[in-house]
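Just so you know, the protein sequences line up as chains G and L, in that order.
For my numbering, add 1 to where a residue sits in the first sequence, where the first one is 1.
For my numbering, add 1 to where a residue sits in the second sequence, where the first one is 1.
Here a beta-carbon is modelled for each residue, glycine too, at the ideal position from N, C-alpha and C.
Quantities reported herein were computed from a predicted structural model and do not represent experimental measurements.
Remarks on the structure that follows.
There are 2 protein chains.
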Amino acid sequence: MKKINKSRYAILGMLFDKPRSGYSIKSNMLESTSRFWQESDASIYPMLKTLEAEGKVTSKNEFVGKRAKKMFEITQTGKDEFLAWMALPAESETHRDELLLKLFFGANTTPDETIKQLRLKLQQSQKKRAQLTIVQIDTLAQIPDTHTHKLFWEMALKNGLMHYDAQINWLIDSINCLENKFGGKNGNKN
Amino acid sequence: MKKINKSRYAILGMLFDKPRSGYSIKSNMLESTSRFWQESDASIYPMLKTLEAEGKVTSKNEFVGKRAKKMFEITQTGKDEFLAWMALPAESETHRDELLLKLFFGANTTPDETIKQLRLKLQQSQKKRAQLTIVQIDTLAQIPDTHTHKLFWEMALKNGLMHYDAQINWLIDSINCLENKFGGKNGNKN
DNA sequence: TTGAACATGTAAACGGTTACATGATTTA
DNA sequence: TAAATCATGTAACCGTTTACATGTTCAA
Numbered sequence: 002m003k004k005i006n007k008s009r010y011a012i013l014g015m016l017f018d019k020p021r022s023g024y025s026i027k028s029n030m031l032e033s034t035s036r037f038w039q040e041s042d043a044s045i046y047p048m049l050k051t052l053e054a055e056g057k058v059t060s061k062n063e064f065v066g067k068r069a070k071k072m073f074e075i076t077q078t079g080k081d082e083f084l085a086w087m088a089l090p091a092e093s094e095t096h097r098d099e100l101l102l103k104l105f106f107g108a109n110t111t112p113d114e115t116i117k118q119l120r121l122k123l124q125q126s127q128k129k130r131a132q133l134t135i136v137q138i139d140t141l142a143q144i145p146d147t148h149t150h151k152l153f154w155e156m157a158l159k160n161g162l163m164h165y166d167a168q169i170n171w172l173i174d175s176i177n178c179l180e181n182k183f184g185g186k187n188g189n190k191n
Numbered sequence: 002m003k004k005i006n007k008s009r010y011a012i013l014g015m016l017f018d019k020p021r022s023g024y025s026i027k028s029n030m031l032e033s034t035s036r037f038w039q040e041s042d043a044s045i046y047p048m049l050k051t052l053e054a055e056g057k058v059t060s061k062n063e064f065v066g067k068r069a070k071k072m073f074e075i076t077q078t079g080k081d082e083f084l085a086w087m088a089l090p091a092e093s094e095t096h097r098d099e100l101l102l103k104l105f106f107g108a109n110t111t112p113d114e115t116i117k118q119l120r121l122k123l124q125q126s127q128k129k130r131a132q133l134t135i136v137q138i139d140t141l142a143q144i145p146d147t148h149t150h151k152l153f154w155e156m157a158l159k160n161g162l163m164h165y166d167a168q169i170n171w172l173i174d175s176i177n178c179l180e181n182k183f184g185g186k187n188g189n190k191n
């Protein structure tokens, strides 16, 4: 089965409700979908161009204050394509996790190195979880319940919280396990 | 920062303990690391060639019964490179999850379609979790505790179980949430 | 005897990222 | 006035996947 470009759907989805500029799509995704979906700068602008050539979006130049923006609007054809994709079963992601690979090969190095990797990941996960709760309080909680997107955005955010919680618990267990087995140095808390 | 080929480390890691053929690496990874790391057929053979040209592995043709195999053995230089990578902090994976993207855009389609997506994922997650417990019982449990890799393989497997458990709970919660809110059709259990 | 598993590869296309490039406007 | 943010793009590279290609051996 031929692999197809999924970026287009993310972009069409971001345009579904209202017209946006490329920059707006980019920054919006950064603060909303980045945990499970990100687009690099260099993928959004060319894709918008392609979508316009295909008639899936239209563009017009606008001025917001003194700033020039190229605003893109989704067409009916674009909506049709987006909705057709939405109806398709979600393909399971192929996921590469370097930490788990290093853990899998842990016997080939010292336990201390693996513990170090796990501790670093623990720090990162705790930080990311904290950032997510900030989004929850500062952004999501401000949206009125009548907003049609709110429920779905909440569910996606809950997925993140649950993911980090489970990950953090597993990391703590794993670190303890290694330290008990190999007499981990408690001084090495960096 | 330039993105570098990580496949090489996975392959060097698989060769660290004992010589293997390309096919053996492939099938071995399929049953051990595939949840968090996979290599396609077309990446292993060329990479082995590259590694050999770099002096990281050596090869010789062997016969196992009547079957010809090209067995690859890691060199000291190869081990050095692998260990240097192991000591590097694990880079955080960029992860694309199509289900979460569709959920995020759920307000643009009918709740029923989103529920369908979540139900499908629930089935898949339950199936994958079951497969993992089979690996745990049939494969991991058979390995003697003295085997240096066992502890690490167990931790990686536990990560999978915890991941699926959390995911399954979240899916059930989310499905219930949507059904309560939108009066989900209970007949639609496919 | 037929299909599954073993076994090894190549070529081309594709998607995505990195690095490069530029410039305006707002805020500290 | 300097830095951060807004704003839009291109070119080249690289890693990965898909499709193609071939042949053997073992078990049902």
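Between His164/L and Thr34/G, the alpha-carbon positions lie close to 20 Å from each other. For Arg9/L, the closest alpha carbon among the candidates Ser28/L, Gln125/L, Lys57/L and Glu180/L is that of Lys57/L.
Listed along the chain, the chain G residues whose CB falls inside 7 Å of the CB of Ala108/L are Thr149, His150 and Phe153. When Cβ pairs closer than 8 Å are counted between the two stretches, the stretch 21-29 of chain L is seen not to touch the stretch 134-152 of chain L, the count staying below three. Ile173/L places its beta carbon 8 Å or farther from that of Ser126/L. Phe17/G and Ser41/L have their C-alpha atoms some 36 Å from each other. Put simply, the backbone Cα of Glu114/L is about 22 Å away from that of Gly161/G.
Legend: CB atoms of the stretch 16-27 of chain G lying less than 7 Å from CB atoms of chain L belong to residues Phe17. The DSSP-derived three-state label of Glu63/L is strand. Take the alpha-carbon of Ala11/G and the one of Gln39/G: they are about 9 Å apart. For Lys103/G, the secondary structure class from DSSP, reduced to helix, strand or coil, is helix. In summary, Arg68/G is exposed, with fewer than 16 beta-carbon neighbours lying within 10 Å of its beta-carbon over all protein chains present.
The continuous beta strand (DSSP E) containing Glu74/L extends over residues Arg68 to Ile75.
For Thr34/L, the C-beta contacts it makes with chain G under 9 Å involve Leu101, Leu102 and Phe105, in order along the chain. With respect to Lys159/G, Trp171/L sits close: the two C-beta atoms are nearer than 8 Å. With a beta-carbon spacing of about 5 Å, Ala91/G and Lys103/L fall inside the 8 Å limit used to define contacts.
Straight-line measurement puts the Cα of Ile75/G at about 8 Å from the Cα of Lys19/G.
Of all residues in the stretch 31-55 of chain L, only Ser33, Thr34, Arg36, Phe37, Trp38 and Gln39 place a beta-carbon less than 9 Å from a beta-carbon of chain G.
In the structure shown, the three-state DSSP call for Ser22/L is strand. Rounded to the nearest whole angstrom, the CA to CA distance from Lys61/G to Arg21/G is 10 Å. Around the CB of Lys122/G, 16 or more other CB atoms lie within 10 Å, so the residue is classed as buried. By the CB criterion at 8 Å, Phe105/L and His96/G fall outside the cutoff. Looking at the backbone, the Cα of Met87/L and that of Pro145/G are separated by about 48 Å.
Beta-bridge pairing by DSSP links Val58/L to Ile75/L.
Annotation for Leu52/G: Val58 place their beta carbon closer than 6 Å to its own, counting only its chain and skipping 5 residues before and after. Contact annotation: in the stretch 113-139 of chain G, residues whose CB is within less than 7 Å of a CB in chain L are Glu114, Gln118, Leu121, Lys122 and Gln125. Per DSSP, the unbroken alpha helix (DSSP H) holding Asn181/G starts and ends at Lys151 to Phe183. The beta carbon of Ala88/L falls within 8 Å of a beta carbon belonging to chain G, placing the residue at that interface.
Selection Leu49/G, Leu179/G, Thr78/G and Asp166/G evaluated against Lys129/G yields Asp166/G as nearest (Cα-Cα). By the rule that beta-carbons nearer than 8 Å mark a contact, Asn29/G does not touch chain L.
Taking C-beta atoms as the reference points, Ile176/L and Arg120/L count as a pair closer than 8 Å.
Taking a beta-carbon distance threshold of 8 Å, Arg97/L counts as an interface residue toward chain G. Using a CB distance cut-off of 8 Å, Leu84/G counts as an interface residue toward chain L.
Distance from the CA atom of Lys70/L to the CA atom of Asn109/G, rounded to whole angstroms, is 25 Å.
For Met72/G, not one C-beta of chain L is nearer than 8 Å to its own C-beta.
In the displayed model, Ile135/L falls within a helix according to three-state DSSP.
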